[in-house]
Structures are given as structure tokens and as C-alpha cells.
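Participant: Below you'll find the structure I mean.
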Amino acid sequence: MKITQAEFIISAVSAKQYPAGHLPEFAFVGRSNVGKSSLINSLLNRKKLVKTSATPGKTQMINFFNINGDLIFADLPGYGFAKVPPAVQKKWQALVENYLIHRENLRAVVLLIDIRRKPTELDLHMQEWLEQYEVDYILAATKADKLSQAEQSQQLKLIRAAFLQDRDHELIAYSSKTHRGRKELWKQLTRRMKDQQTETA
Ligand SMILES: Nc1nc2c(ncn2[C@@H]2O[C@H](COP(=O)(O)OP(=O)(O)OP(=O)(O)O)[C@@H](O)[C@H]2O)c(=O)[nH]1
Ligand SMILES: [Mg+2]
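Using the working numbering, you'd call the opening residue of the sequence shown number 28 and step up by one each time.
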């Protein structure tokens with residue numbers, strides 16, 4: 028995908044603020060610090076479109092970006108902050124759950140996991156939500172550059188077993204540093220844009 032334009036649209040704290048229209052949309056979700064913002068920047072070939080410094084206050088917002096006037100990226104608030112008060116946790120849950128259930132133009136979610144870590148309950152719970160609400164998803168194992176090839180294969184096996192029980196489903200090793208996986212992830216995204224066009228044609 029050639030990126031001619033990538034613009035921030037809005038930080039939304041409620042459904043009323045979501046961008047209107049029917050552009051195909053992809054959302055990026057995962058633990059805080061897993062590399063969501065970095066991955067979006069890498070996909071778009073931009074260094075600083077999305078801020079990559081974690082600030083707990085941002086956890087309540089969904090940041091929307093318009094790409095080429097053709098599609099929308101939604102950077103969802105990260106989960107798993109060490110010390111989040113229950114009230115904030117509830118708000119996060121309501122925002123994300125509401126988004127996943129009601130966002131009609133959402134084509135798929137990219138669920139990010141750190142390739143070095145064992146999948147957590149929170150990650151598996153997120154996947155359960157996606158399956159429960161019948162939201163298509165692609166797994167991306169981030170920070171691949173931090174492991175050797177052999178370690179990467181080993182971890183990918185673990186991740187595949189934990190999330191997919193060895194089912195055949197997209198799992199992409201990604202590095203926002205080297206852009207490894209960028210082509211493959213774009214292929215998965217554009218396929219899902221096209222799928223929908225054919226279905227509605
Ligand atoms: N080596 C390496 N570092 C990465 C990669 N992706 C992200 N990082 C680093 O990990 C840290 C967190 O990255 P972010 O992209 O801000 O993570 P995030 O998931 O958006 O975090 P929140 O917005 O807090 O939820 C930053 O220091 C990044 O530079 C990667 O692929 N390779
Ligand atoms: Mg971020």
C-alpha cells in the first residue's frame with residue numbers, strides 16, 4: 028500500500044465522537060507498551076504520527092487516523108497498566124467493548140502481543156471478546172528484532188499454541204524497528220478491505 032496521506036482525526040472518549048462514514052477500519056489493540064503506536068507508525072512509514080510515549084491518561088481514548096482517504100486506523104487504549112483503579116478499568120472496558128460491538132465499519136482487529144512474553148490472561152480475554160463478538164482478527168507478535176531467529180520460532184510456536192491451539196490463523200512476527208512483517212500485515216489488511224467490497228458489490 029502506497030501511503031500518500033496519513034492524518035490524525037480525533038481522540039474519542041465516547042461513541043459519539045467516532046468518525047462518521049463508511050471507510051473500512053482496522054483497530055490495533057494490546058497491552059500497554061506492547062508497541063501498538065510504533066507498529067502503526069511503521070505500517071504508515073511515519074516516524075511520529077502516533078506518539079509512542081505511554082501516558083496513563085491516554086488509556087481512555089481511541090485515536091483515529093485517516094489513511095489516504097481510503098481507510099481508518101484506530102489505536103485502542105492499551106490494557107494491563109500495573110496500577111489502574113477499578114473505576115478506570117471499568118471505563119476502559121466499557122469503551123473498548125462498546126467499540127468492538129457497535130463499530131460497523133470495523134473490518135478487523137490487529138491483536139498485538141510481545142513476542143518475548145508468555146501470553147497473559149488479559150491477552151487471551153481480549154481474544155475471547157473478539158471471538159464472542161465475531162470480530163475478525165490478526166495476531167501480530169511485536170518486537171521480533173529483540174530475539175534471534177531460533178528464539179522467534181520457539182516463541183511463535185508457544186503463541187500459536189496458546190491462542191490458536193495450533194489452528195491455522197494469521198500470526199505475523201513484526202518489528203517496528205526493521206519493518207519485518209510490514210508487507211505481510213498490509214497484505215492481510217488489504218485483503219480484508221477487498222473482501223468487503225466484493226461482498227457488498
Ligand atoms: N526494539 C523494538 N522496540 C519496540 C518495537 N515496538 C515498540 N518498541 C518500543 O517499545 C516501547 C513502547 O512502544 P509504543 O509503540 O509506545 O507502545 P504502545 O503499545 O503504543 O503503548 P501504549 O500507548 O502505552 O499502550 C517504545 O519504547 C518503543 O520504542 C519493536 O518492534 N522493536
Ligand atoms: Mg500507544
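Ideal Cβ placement from N, Cα and C applies to all residues, glycine included.
Drop a sphere of 10 angstroms on the beta-carbon of K214, count the other beta-carbons inside from all chains shown, and report buried for 16 or more, exposed for fewer.
Facilitator: exposed
Participant: Use the C-beta contact count for E52: other C-beta atoms within 10 angstroms, 16 or more gives buried, fewer gives exposed.
Facilitator: E52 sits buried, since 16 or more C-beta atoms from the chains shown fall within 10 Å of its C-beta.
Participant: In this structure, how does DSSP classify F108 when only helix, strand and coil are distinguished?
Facilitator: coil
Participant: Below 7 Å CB to CB, which residues in the same chain sit around P146 once its five sequence neighbours on both sides are set aside?
Facilitator: I140, I186, A189, F190
Participant: Which residue marks the beginning of the alpha helix (DSSP H) containing R187, and which one marks its end?
Facilitator: That run of the alpha helix (DSSP H) goes 176-191.
Participant: Taking the straight line between their C-alpha atoms, what separation do you get for V162 and A135?
Facilitator: Each residue's alpha carbon lies about 6 Å from the other.
Participant: Could you give the distance in angstroms between the alpha-carbon of S234 and the alpha-carbon of Y106?
Facilitator: Absent from the structure is residue 234, since the part of the chain shown begins at 28 and ends at 228.
Participant: Would DSSP call T169 helix, strand or coil?
Facilitator: strand
Participant: In the DSSP assignment, the alpha helix (DSSP H) including E161 goes from what residue to what residue?
Facilitator: Run containing E161: none; DSSP gives neither H nor E here.
Participant: Return the residue from the list L66, K184, M220, E178 that minimises the CA-CA distance to R207.
Facilitator: L66
Participant: Throw me the rounded Cβ distance for the A87 and P104 pair, which I believe falls under 8 Å.
Facilitator: Looking at the sequence shown, residue 87 is not Ala but Gln. Their Cβ separation, rounded to whole angstroms, is 6 Å, which keeps Q87 and P104 in contact under 8 Å.
Participant: Nearest to L216 by alpha carbon, out of I128, F100, E158, S38?
Facilitator: F100
Participant: Let me know the secondary structure DSSP gives A54 once reduced to three states.
Facilitator: Correct three-state label for A54: strand.
Participant: Excluding sequence positions up to five away, which residues of its chain have a Cβ less than 6 Å from the Cβ of E197?
Facilitator: I165, Q215
Participant: With a Cβ-Cβ cutoff of 8 Å, do R209 and S69 count as a contact?
Facilitator: For R209 and S69, yes; Cβs fall inside 8 Å.
Participant: Please state whether the Cβ-Cβ distance between A168 and Q182 is less than 8 Å.
Facilitator: yes
Participant: For A121, count neighbouring Cβ atoms within 10 angstroms of its own Cβ and tell me buried if that reaches 16, exposed if not.
Facilitator: exposed
Participant: What are the boundary residues of the alpha helix (DSSP H) that includes N125?
Facilitator: 113-129
Participant: Let me know if V40 comes out buried or exposed under the rule of 16 or more other beta-carbons within 10 Å of its beta-carbon.
Facilitator: exposed
Participant: Using the C-alpha atoms, what's the distance from A177 back to A54?
Facilitator: 30 Å
Participant: List the residues that DSSP assigns as beta-bridge partners of S38.
Facilitator: Partner(s): N90.
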